[in-house]
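One structure is given below, encoded as structure tokens.
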């Protein structure tokens, strides 16, 4: 149970300001609380035992008004500063998480579920609001106010000071003990929340399939179960978590009661005057109030720290090894060679591809074929540097000097030389032109139109706005937009993963002719994954990719 | 044996204790044709005109008893806090008059009882409130899912999945705060505030009036004032958050291509602008929320100050004893502590109202298919299909994608439907499966007892007869076993293996170390595209409906595999009525087909 994760300071600079402000406002609040108790005790004592009139009480009453205004202003200032800091911290973390999640690439993204990342950057990090606006200021108050109250009580009534001094430390001790017990449960609750989000997305995404098989309604029961299990899990956590609040409140209220009874008995015995008694009675609860509110805000802040921890886990995830060699700008590709590349896929019990080799030179088209699952797509990922081969390597002949391994190149450098059409191309919500311009944001409309024409979409409206995943276009049209995007790139190496799947024979012929033309005219080296005869026929060479079973 | 209905995608469920058999819902077997599912509860017409928040509150009605219990505990807890302060003040002031100790015993006992009661009742209140709120949340989630289930897939085409996720998880989860942070605290605090006002007013009427006014100000007026500052920002936060979620889903899905295109930085910068709008909206909300702390601080001060002044005057007039003065001066501090939290509680209202409106918006979407009021019973097979003048469109406002389509398939017949991409092949499948209402023409199920209009049958019955093996079939993040078994919940492993073998996945599954229990990953990420396709095929072969539609079953497969698979699936569906949708007719042997329809033919285009 750490009150503060030091990584918050490291990754979000606004954290430091929030801490400083919390301490400053805490000191002001402590001083004003003591002044308030003294003034109230004085006024009641003067009117009750000494029959003072309002006129005689003008000074303490005016002072009291000023103290109340000051406390309200301090509370307001504290809240504003904390909320602004929370907004800034969340913004920094969101950005770092996204940058990292993208940079970690496809291998990581398939494991860490995208639904969980989405939950984190939207609702998950909002837990930090409560952390900064309620927990951090209360933490400062809890350290400053009880100490200040204790010193004042010591001056006025040492016996009450002793009761407070003995009970106040009980609160953090119990908080730590119970906090430890809830730690693992808290973690499970966070996991349950993420799992629920993932489950919901998976089931809603699969609704059409579930309906086909008449199983959509059955999922209601399953959903009932998952949410009900989530409720029971959460309540089990809360039953323990609220115990800490219970102990805190009990210690606070019971000791105030003890102080009151003790003061009352000493007043009867004549060992104390009323003004001191009232001062103690008004001030004693102030020692517990911040700690009590700290306890009340504790689980809110725990969620904040858990969310921040989830963000740090992504931010600090180790990057895959990357090369560092920079390509000189004048480097010209003479030949790309794939030599004995093997990628182990332990969860599928095979190596795919197994020992794949090929060579392609500018102006050539090489087609990859092979059974489904043989590793054609994975081989392209290796060439792109998105994945490391377990055996073999991909090398570049750049003219002068020894061949360079792709794995040794700085990824950004290498990717400037490659254009790629993925098996399921990514189209984002935006216009057709924006999608085609993904890699070449400065391309003119004429260039975009030419690329689309070469991809077999001469008539598409550049301003047509697509929905998610290219909604608004047919599957074949989406693929051609992706081909246009790659053609616009004008890179020396062009990789295409089934560029003509989903196209009818006529459209397929158009696209293949364009590829042939591009390879010849721009001296582009082209590698394409293909199944159909027409696509294989356009290639200069056909390379068969195969997998190999790897006994467990 | 575990009831299969609950098993999908069972393994992703959190590792929690499973409910005991009594609590567990009976496994849903395929109901016989006469056991129809209840018609969907549709909101009555007047229900739609109610404010969204009110409709959400009504979902919580079954939990009224538990909610009342929470309020009762809350009143006892807050009442103990005020009682502790009032009795302590009385005790100390009375003690200053130095009475016999015995005269103080009742007060001493009361002080100690309130000291314990406050903590104990607060604990009970919190548990009762959370339990009720979570139960309501469960109702709400299921309520929303039931509606989505009726809308999918045609009625949800406009949704973005990231937005959908944010909507369901964030809005629905957030709505639990309606009870937890708003309704329950308000109910308890108002009761106690009224009690404290009566107590102080009884001792010193002027002080009571001042306390009543300041408490009412904090509980009822301050939230409105603070809300006025922040309402606009609050409303700006939720849609911006939805936009951020959608953008995040996009950027994660496209990460590899963005990296290769060198566009990752630019795309994140673009999302960064959405992020900045979100942060700015949150900063504006902060100032509004903080004015709440300002108002409640000032009101507390005013109440204590007025109580002192009124109390001192009353003592001078002899209307109030000195002991009463102490009670009058100190009680307002405790009373205001009770209502202080209400300002921040009320700040949730605009956000909750916006969430409620978005949730209700999902509930009110029109259903894409109208179920008949009195569906005809399913006639006995074998079945064929007859389509006349069919027109259909996905977008209700758009043009028809299909128009004037005629086709016939005799029972046991095999129809080949071809056409280029975008010619309406998948739309035809959606209409035949009753996912989409035809905009014109008729579709009839041909049975020995005479043809029946598809629209007069229950949609679930139609899908019991007509199956689909779609090119975009969803692969769930669970095991191979559960992914295939969803097609027929009572299938045993032998049946599953047989279906997988006929889909040419048998050898592969047998070679896996974990066999049928192998997890396939999110959207089947650990499978190749061809394996995903064949998994969908295995489902269709396992379900074995009398009429089966194959929508591009050999997409992503190499030629040899595609040819072998086509031959195999035709053999596997011998005697069944088959509709094969493809844009690669060259793969299909002409001799296999009893008829062909070309949606891209000049006649079809002319009809459009």
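Residue numbers (our numbering), protein chains in the order written: chain A, 110 to 661; chain B, 791 to 1398.
Glycine residues also receive a C-beta, built at the ideal position from the N, C-alpha and C atoms.
Let's see if you can read the secondary structure: which residues bound the alpha helix (DSSP H) around residue i?
i              : result
residue 895/B  : 895-941
residue 376/A  : 327-378
residue 877/B  : 854-886
residue 147/A  : 123-158
residue 80/A   : Coverage of chain A is limited to positions 110 through 661, which leaves residue 80/A absent and any answer about it impossible.
residue 1359/B : 1349-1362
residue 1137/B : Residue 1137/B -> no alpha helix (DSSP H), and no H or E assigned at all.
residue 1315/B : Here residue 1315/B belongs to no alpha helix (DSSP H), and DSSP marks it neither H nor E.
Please list, in chain order, all residues of the same chain as residue i whose beta carbon is under 6 angstroms from its beta carbon, the five residues on each side excluded.
i             : result
residue 830/B : In this predicted model, residue 830/B has a pLDDT of only 41, less than 50, meaning its place in the structure is not dependable enough to derive any value.
residue 604/A : 489, 529, 636
residue 822/B : Confidence at residue 822/B is low in this model, with a pLDDT of 39, below 50, so the placement of that residue is unreliable and no value is reported for it.
residue 514/A : 502, 504
residue 517/A : 432, 434
residue 392/A : 146, 258
Is residue i helix, strand or coil when you go by DSSP?
i              : result
residue 1298/B : helix
residue 549/A  : coil
residue 112/A  : coil
residue 640/A  : coil
residue 805/B  : Note that residue 805/B scores 31 on pLDDT, short of 50, meaning its location in the model is unreliable and no value can be drawn from it.
residue 500/A  : strand
residue 1064/B : helix
residue 1166/B : strand
residue 483/A  : coil
residue 251/A  : helix
residue 634/A  : strand
residue 163/A  : coil
residue 477/A  : strand
Could you tell me which residues DSSP pairs with residue i in its beta bridges?
i              : result
residue 1256/B : 1337/B
residue 1234/B : 1176/B, 1243/B
residue 529/A  : 604/A
residue 518/A  : 434/A
residue 657/A  : 460/A
residue 413/A  : Per DSSP, none; premise fails for residue 413/A.
residue 453/A  : 460/A
residue 1370/B : 1206/B, 1340/B
residue 1267/B : In the DSSP output, where bridge partners are listed per residue, residue 1267/B has none listed.
residue 465/A  : 450/A
residue 1386/B : 1206/B
residue 506/A  : 444/A
Alpha carbons only, please: which of the options is nearest the one belonging to residue i?
i              : options                        : result
residue 478/A  : 433/A, 253/A, 654/A            : 654/A
residue 176/A  : 163/A, 138/A, 196/A, 162/A     : 138/A
residue 453/A  : 121/A, 496/A, 355/A, 562/A     : 496/A
residue 1163/B : 1103/B, 1232/B, 1249/B         : 1249/B
residue 1327/B : 1337/B, 1312/B, 1319/B, 1343/B : 1343/B
residue 647/A  : 622/A, 414/A, 562/A, 631/A     : 622/A
residue 878/B  : 897/B, 886/B, 888/B            : 897/B
residue 140/A  : 259/A, 211/A, 205/A            : 259/A
residue 1204/B : 1304/B, 1216/B, 1175/B         : 1175/B
residue 1097/B : 1273/B, 1114/B, 1060/B, 1144/B : 1114/B
residue 900/B  : 1018/B, 873/B, 913/B           : 873/B
residue 1224/B : 1027/B, 1254/B, 1199/B, 889/B  : 1254/B
Starting from the C-beta of residue i, find all residues in its chain whose C-beta is less than 8 angstroms away, skip the five residues before and the five after it, and write them out in chain order.
i             : result
residue 252/A : 135
residue 585/A : 611, 612, 613, 616
Between which residues of its own chain and residue i is the CB-CB distance below 7 angstroms, once the five residues before and five after are set aside?
i              : result
residue 1228/B : 1180, 1181, 1182, 1221
residue 126/A  : 194
residue 148/A  : 169, 172, 173, 176
Name the two residues that bound the continuous beta strand (DSSP E) containing residue i.
i              : result
residue 1052/B : Looking at the DSSP string, residue 1052/B is not in any beta strand (DSSP E), and its letter there is neither H nor E.
residue 1193/B : 1192-1199
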